[in-house]
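The numbering of the sequence shown is the working numbering, which starts it at 1030 and goes up by one.
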Amino acid sequence: MVHSHLDFVQRSIAELDKMVATYESAITLLCNIPGVDRISAITIISEIGTDMSQFTNSKHLCCWAGLTPGNNESAGKKKSVRITRIGDYLKPALVQVAHAVVN
């Protein structure tokens, strides 16, 4: 039972390694940014992808990733809203990168 599970895990890791290998050049580019390690680069690519044409500018990317606070306005009343819960993997990875740069 344990051996079959170990075989399954090893096959899964091999499949993931093949999928990651197709993005090796993008991972290398991201790793040149201070604070970005290999795991962070893989997380960023898996969440955002490599096609940035879907985002017209950096603000749209930040909004899509859930990194900006919301702003609800109705009947002239403005209510600031906390940062969204979108990007459960991307936000922690970017926070880790920021901490690595600061320290």
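For each residue, glycine too, the CB sits at the ideal point set by N, CA and C.
Per the Cβ contact rule, the stretch 1121-1131 is in contact with the stretch 1062-1070 (3 or more Cβ pairs under 8 Å). Following the DSSP letters along the chain, one finds SER1069 inside the alpha helix (DSSP H) bounded by residues 1067-1077. Under the three-state reduction of DSSP, PRO1121 is assigned to helix.
Contact check for ILE1056 against ILE1077 fails: the beta carbons are separated by 8 Å or more. By alpha-carbon distance to SER1069, the top candidate from VAL1031, TYR1118, LYS1047 is TYR1118.
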